[in-house]
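Each residue of the sequence shown is one higher than the one before, starting from 15 at the first, in this note's numbering.
Notes for the one structure printed next.
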Amino acid sequence: MPKQKKLLTENIDNTNSSSVKDYVKSGGFSGLKKAITLSSEDVIAEIKKAKLLGRGGAAYPAGNKWEHLLHIPGTIKYIVCNADEGEPGTFKDRLILEKLPFELLEGIIIAGFVFKAKAGYIYVRGEYRKIQKQLLAEIEKLKSAGYLGKNILGKGFDFDIHIISGAGAYVCGENSALLNSTEGKVGRPRIKPPHLAEVGLFLKPTLVNNVESFANIPFIVNMGGDEYLKAGHPDSGGTKLICLSGHSKNRGVFEIPLGKVTLRDAIYAPELGGGIAKKKKLKFFHLGGQSGSIGCADQLDTVYSYTDLRKAGLSVGSGAIVVMDESVSIIEYLIGVTDFFIHESCGKCVPCREGNRQLRVILHKLSKPGAATKHDLHTLRRLIHTMNDASFCGLGQTAAAALNSAWKHFKEEFEANVKGANNESS
Ligand SMILES: Cc1cc2nc3c(=O)[nH]c(=O)nc-3n(C[C@H](O)[C@H](O)[C@H](O)COP(=O)(O)O)c2cc1C
Ligand code: SF4
15 MPKQKKLLTE
25 NIDNTNSSSV
35 KDYVKSGGFS
45 GLKKAITLSS
55 EDVIAEIKKA
65 KLLGRGGAAY
75 PAGNKWEHLL
85 HIPGTIKYIV
95 CNADEGEPGT
105 FKDRLILEKL
115 PFELLEGIII
125 AGFVFKAKAG
135 YIYVRGEYRK
145 IQKQLLAEIE
155 KLKSAGYLGK
165 NILGKGFDFD
175 IHIISGAGAY
185 VCGENSALLN
195 STEGKVGRPR
205 IKPPHLAEVG
215 LFLKPTLVNN
225 VESFANIPFI
235 VNMGGDEYLK
245 AGHPDSGGTK
255 LICLSGHSKN
265 RGVFEIPLGK
275 VTLRDAIYAP
285 ELGGGIAKKK
295 KLKFFHLGGQ
305 SGSIGCADQL
315 DTVYSYTDLR
325 KAGLSVGSGA
335 IVVMDESVSI
345 IEYLIGVTDF
355 FIHESCGKCV
365 PCREGNRQLR
375 VILHKLSKPG
385 AATKHDLHTL
395 RRLIHTMNDA
405 SFCGLGQTAA
415 AALNSAWKHF
425 KEEFEANVKG
435 ANNESS
């Protein structure tokens, strides 16, 4: 069975990505043309059948999110696309934004139709400056071609899409912080509830989905939810864009069918990762970004699906797969992860702001022979749980996920430099 499945990326090499004509020639906008003949309920029914799980990291069922928003009263609703892509090791939204922009824009326009939304916003990572300019040009092309702007496809529906630039803060990828930032406020998370479907952008009901989630919508509408489901796993249809990096021989974005390949395939198959560079051995892999969990060689036969990875204590997250070879110290790697979270913590709440700093102090001790005590290991465990339970937003709640999972696989490395350590410390 082929290890790659090209659904979103089928035409990536044979069409001019910025030509509306080429996009239409390759079947583009047939999802939108079909969607405008259906009721909002029918479009959402297909997304529910497709079992599309949000591709931004949290894996929330898109159909349920859309259905919830549909039932929220209000004549002004907004569509927001999360293109912040701040998760280290993640660069798959960039591929869509650069090479498949009309798939994304078509998905957002379909959402606009479904909710009769007032406007759409794409919040684009600040570092993607060139992409922001390209998107603005592509939006203008769609307006000229009648797919965006006034009276779309003669259906009397007006809808525009605006581009908002992030400014380099990871926390602004969190959906409520993203809305604050879009409104021109400080990009800090909001308290929930109320949910964004009720009180979102400019306090109006709002849909927030990831780039890859929106890009899947035209395919779901076109193929029908049942067909789309078949392309993936029975619990989560379709494909997933994975990002291989680190010591993987082949690095880049690959599209794989959910539930039909294993982690071993992803890392070793010649058409995917191709194995470990420089003929070294795999030590561990870090899935889903810095906020995801770390796995080791014993878990390579786990099927790459939301369900199977969750059962193995791992997660799809953003789709990142950072591969690390035998030369890497797990403690040094985790110091890097913690430095990232210290830098990105917005400082609003104590468990995250101070917890990450304390993790770093202990990890530094663990990296030096005899500097740490068994008490430090207990404190480390306590901090992991406190941060997870008491942090205000997902950043602090997941900041120690890598550490927590690494502890399970590499306990001896944690204990190697600890004075008088033995296995009681768990
Ligand atoms: C700290 C933090 C950063 C996040 N960064 C991103 C991001 O860069 N892109 C993204 O799509 N989702 C990100 N998310 C998840 C969003 O909050 C939200 O779940 C997502 O945009 C919803 O879209 P989806 O359901 O289509 O995945 C982040 C969450 C947290 C807690
Ligand atoms: S967990 Fe708290 S400090 Fe950390 S980013 Fe979220 S709100 Fe800010």
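Backbone N, C-alpha and C define an ideal beta-carbon position, used for all residues, glycine too.
Keep in mind it's a predicted model, so treat the numbers as computed, not measured.
Item: For Ser-259: DSSP bridge partner residues; Value: Val-336
Item: Separation of Glu-112 from Ile-145, as counted between CA atoms; Value: 6 Å
Item: Limits of the unbroken alpha helix (DSSP H) element including Asn-236; Value: 225–237
Item: Extent of the continuous beta strand (DSSP E) run through Val-94; Value: 92–97
Item: 8 Å Cβ shell around Thr-276 - same chain, five flanking residues per side excluded; Value: Leu-314, Asp-315, Thr-316, Val-317, Tyr-318
Item: Minimum C-alpha distance to Thr-400 - residue among Lys-422, Arg-367, Lys-388, Phe-424; Value: Arg-367
Item: Where the beta strand (DSSP E) containing Ile-136 begins and where it ends; Value: 133–138
Item: Cβ pair Ala-64, Ile-234 closer than 9 Å; Value: yes
Item: Val-185 at chain D interface by Cβ criterion, 9 Å; Value: Within the model displayed, chain D is absent; a lone protein chain is all it includes.
Item: Rounded straight-line distance, which links the Cα of Pro-208 to that of Leu-255; Value: 31 Å
Item: Pro-405 Cβ short of 8 Å to ligand 2 heavy atom set; Value: Here the sequence assigns Ser to residue 405, which means Pro is not the residue at that position. Yes, Cβ of Ser-405 sits closer than 8 Å to a heavy atom of ligand 2.
Item: Among Pro-365, Lys-422, Ser-381, Leu-380, nearest to Leu-397 - alpha-carbon criterion; Value: Pro-365
Item: Beta-carbon proximity list for Ile-124, same chain, < 8 Å, skipping 5 on both sides; Value: Gly-45, Leu-46, Ala-49, Val-57, Ile-231, Pro-232, Val-235
Item: Any 3 or more C-beta pairs closer than 8 Å across the stretch 216–226 and the stretch 100–118; Value: yes
Item: Boundaries of the alpha helix (DSSP H) in which Ser-190 is found, first to last residue; Value: 189–196
Item: Whole-Å CB distance - Ala-245 paired with Lys-17, under 8 Å assumed; Value: Contact flag wrong, Cβ pair sits at about 14 Å.
Item: Separation of Leu-328 from Arg-371, as counted between CA atoms; Value: 25 Å
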